[in-house]
Structure formats: structure tokens, C-alpha cells
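Visitor: Take 51 as the starting number for the sequence shown in this note's numbering and just add one per residue. Using N, Cα and C, we set each Cβ at its ideal position, and we do this for glycine too.
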Amino acid sequence: MVAMKLEQALALIREVPDFPVPGIRFQDITPLLSNGAAFSAVTKSLACIDVEATLIAGIEARGFILASALANERSAGFIPIRKGGKLPHSTLAQSYGLEYGVDTLEMHVDAIAAQSRVLLIDDVLATGGTIDAAVSLIERGGGIVSHVAVLLEIVELKGRAKLLQSHPDLTVTSLLAI
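Put into C-alpha cells, the structure is as follows:
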């Protein structure tokens, strides 16, 4: 496999207008994921963020892909943060607002040992609601969110500002800002 620069990998992300509802400009990462060199470049870039975290949490669905690849790369534990009703054991739940509605995230109550350092991964930081809910779940579960890393950030939606309002000490890294 030929190595790819991060900028080349990120250039594979395509915008899909009016998905899932009119007015939303969906950022489709599947072309990046289907290119092995691009996926590797992204994983290697994420692997440099907060190397002391012992757990990697990923938000359903696309955050799972990035977080599980990173957890595997680091030999770290992976915590799935899922949409409501999809986990088989006792859960903590957190509702949040989307650009186009309301949803709920859940995490197993025993997913995190107390005071574990957790790196939270998602694909996109938009309005910040999903990541804010995930940070709250991790904290309620006894973990410490040491860092949030996203593939891309939609700056005009001001999600970073929302996150920092709720969690002022949080460090957020985005590989691409649009």
C-alpha cells in the first residue's frame, strides 16, 4: 500500500446536499474509508492524539469505525456509545438535540472503570449536541474525557463553542475544519 498524506485523505470526503433532510449538507466519509491508504493516514493522525488515554470511545455510527480502528492500533479498550435501545445490558442514557431533531445516546453502566482516561472520537463536530451528550455519558459513567477528536468540524455551526460552554476544560481536535 502506498502511503497517503492526511490532506489527500481528507480531500476524499464528499458533500451530499439535502441529506438526510432538505437543507443539511451531509459530509460523506465513505470514499475515505474505502481507500486503505486514506483510512490508514487518518488512523495514524488520530493515534498521535492523547497517547495516554487507556480507552477509546466512539459514537454510533461513523465514530465507531474511526474509534475501533484507533483502539486496535493502540491496543486500547473500545467503548461503543450507541443510539437508544441498542445495547443489551443496563445503560446510562442522555438525550440531545440534532440539527434536524432530538435523539438519545446510551452507554453500558459498567463500560468505564472509575477515573479512566477516555479519548472520545466522532466523525463530525457540527452543532456539538451529540458529542456533548457523549461527554456527559462518559463522565456519568466515571470516566474522564481527556480529549475529543473528530475527523471534520463544520465551523459555522459553532459546535466547539457549545462543547466548551458545557465542558470548559475539554480539548477538541479536528483533522479538518470546513
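Starting from the Cα of A101, find the closest Cα among E123, E110 and R112 and give me that residue.
Guide: According to the sequence displayed, residue 101 carries Val and not Ala. Per the Cα distances, E123.
Visitor: So for S95, helix, strand or coil by DSSP?
Guide: helix
Visitor: Ordered along the chain, which non-local residues of its own chain (more than five positions away) have a Cβ less than 8 angstroms from that of M51?
Guide: If we look at M51 and ignore the five residues flanking it on each side, its Cβ neighbours are G86, A87 and S90.
Visitor: Mind checking who F128 pairs with in its DSSP beta bridge?
Guide: I106
Visitor: Starting from the C-beta of L225, find all residues in its chain whose C-beta is less than 8 angstroms away, skip the five residues before and the five after it, and write them out in chain order.
Guide: Within the same chain, L225 has close Cβ partners L56, L60, V92, S95, L96, A199, V200, L201 and L202.
Visitor: Compute the Euclidean distance between the alpha carbons of T104 and S166, then round it to the nearest angstrom.
Guide: T104 and S166: Cα-Cα distance of roughly 7 angstroms.
Visitor: With 16 as the cutoff for other CB atoms within 10 Å, does Q144 come out buried or exposed?
Guide: By the neighbour-count rule (16 or more Cβ atoms within 10 Å), Q144 is buried.
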